[in-house]
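> Position 267 of the sequence shown, counted from 1, bears residue number 267 in the UniProt record's numbering, the numbering being contiguous throughout.
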Amino acid sequence: MLAAGGQQDPFWDTQETNNYRLALKRMADDILSLHQHVASLEMENSNLRRSLTMHEDLGRTLLSDIDVDVMTKAEIVDRIATLKHKLASGTVEMRRLKDRVQQLQNELIRKNDREKDLIMLQRAHQQQQAALRRCQEKVAKMKGLEETVRQQEKVIQTMEQMLEEQLSGAGRSTKKPTGEALAGELYSALLAENRRLREELARPRHPSPPIAPPPQALPDVFGSSEKLSLLAKLEKAQARSRVLESQLEEAARRWGREKQELSTRLLEQDHGFRGSSSSFARDPALVSAWGSGPRLQALPSLH
């Protein structure tokens with residue numbers, strides 16, 4: 001039985017175990033009493049059969065002892081009446097003994113059936129005990145998992161606090177982490193590249209008057225070949241800008257994941273989880289990722 005909160009009630013477990021023990025003890029007592037009763041019934045059956053045999057032997061002896069030649073008619077009649085009475089009483093006794101034997105046999109069959117039922121009940125009880133032990137092991141394992149989850153939650157909370165402290169102190173610190181510095185450098189390089197391309201597109205190829213002509217005058221100032229070249233460079237610059245932006249976003253996300261993982265492993269190392277720190281130290285890919293940070297792929301030049 002589970003108590004509030006999904007945990008098993010120990011009082012219910014103890015009571016259930018005691019009930020099983022009492023039932024098993026009663027079954028053992030019943031089996032012993034059945035064995036004793038069966039032994040007594042077999043003994044009584046043997047005595048009854050012996051008594052029946054003695055009565056039959058006695059009747060045969062009485063018949064063999066009669067000497068008709070030396071007895072008078074009255075003695076013979078009296079002896080015949082006595083024998084009839086004994087025969088009737090013996091017949092009644094024999095019928096009673098047969099009924100008793102049949103009753104004992106039926107009772108013995110019932111006792112055997114009951115003993116089989118008790119044996120089956122004992123096996124079922126053993127199976128229930130095994131199932132109860134498995135349930136208790138599962139409950140113990142679940143408690144261990146809950147404790148592990150609570151410890152992990154504490155570690156996560158501590159990591160979140162450390163990350164918040166690092167983020168809050170990043171503005172006041174003079175030296176940024178390698179990943180943040182690389183991300184900032186990439187963003188600055190992207191802005192500078194876009195600015196340079198715009199200036200290159202806006203700057204004419206030949207000397208021009210101090211006042212630059214408006215964009216509508218481009219067909220008059222540049223030739224068709226130069227215009228097509230500038231348009232091609234503009235499209236290439238825009239494509240390069242989009243690629244750089246996507247690479248910057250991917251590098252920032254990858255750096256964030258690596259930073260989170262490395263911070264987790266460093267925190268686990270600080271809390272005594274040596275297995276994670278040793279695996280991090282043995283992983284050259286993670287070490288190189290932490291040291292180098294996210295990088296953009298090389299793009300072809302515009303020229």
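Just so you know, even glycine gets a beta-carbon here, dropped at the ideal spot from N, CA and C.
Pairing CB atoms from the stretch 88-98 with CB atoms from the stretch 11-26, are three or more of them under 8 Å?
No, because fewer than three Cβ pairs between the stretch 88-98 and the stretch 11-26 fall closer than 8 Å, the two stretches do not touch.
> Can you grab the Cα-Cα spacing for the pair Asn45 / Ile109, in whole Å?
14 Å
> Can you find at least 3 beta carbon pairs, one from the stretch 34-50 and one from the stretch 97-113, that sit closer than 8 Å?
Using a C-beta cut-off of 8 Å, the stretch 34-50 makes contact with the stretch 97-113, since at least three inter-stretch Cβ pairs fall below that distance.
> Taking Glu261 as the reference, give the member of Glu226, Ser168, Gln238, Glu160 with the closest Cα.
For Glu261, the nearest C-alpha among the options comes from Glu160.
> Quick check on this structure: which residue in Leu118, Thr158, Leu132 has the alpha carbon closest to the alpha carbon of Gln15?
Leu132
> Which residue's Cα is closest to the Cα of Leu52: Met94, Ala130, Ser229, Val243?
Comparing Cα positions, the closest option is Met94.
> Measuring CA to CA, which of Leu266, Trp255, His271, Asp30 is closest to Lys116?
Asp30
> Shortest alpha-carbon distance to Leu118 belongs to which of Met27, Glu147, Ala81?
Met27
> Please say whether Leu48 and Arg100 have beta carbons closer to each other than 8 Å?
The Cβ atoms of Arg100 and Leu48 sit closer than 8 Å to each other.
> What I want to know is whether the C-beta of Val92 ends up closer than 7 Å to one or more non-hydrogen atoms of the ligand FAD.
Ligands in the displayed structure: none, and consequently the ligand FAD is not present.
> Please report the distance separating the alpha-carbon of Gln127 from that of Leu34.
24 Å
> Since His271 and Val149 should fall inside the 8 Å C-beta cutoff, what is the C-beta to C-beta distance between them, to a whole number of angstroms?
Not a contact, Cβ separation roughly 16 Å.
> If you draw a straight line from the alpha carbon of Ser229 to that of Glu245, how long is it in whole angstroms?
24 Å
> Contact check, Leu267 vs Thr158 under 8 Å by CB: the rounded distance?
The distance from the Cβ of Leu267 to that of Thr158 is about 6 Å, consistent with a contact at the 8 Å cut-off.
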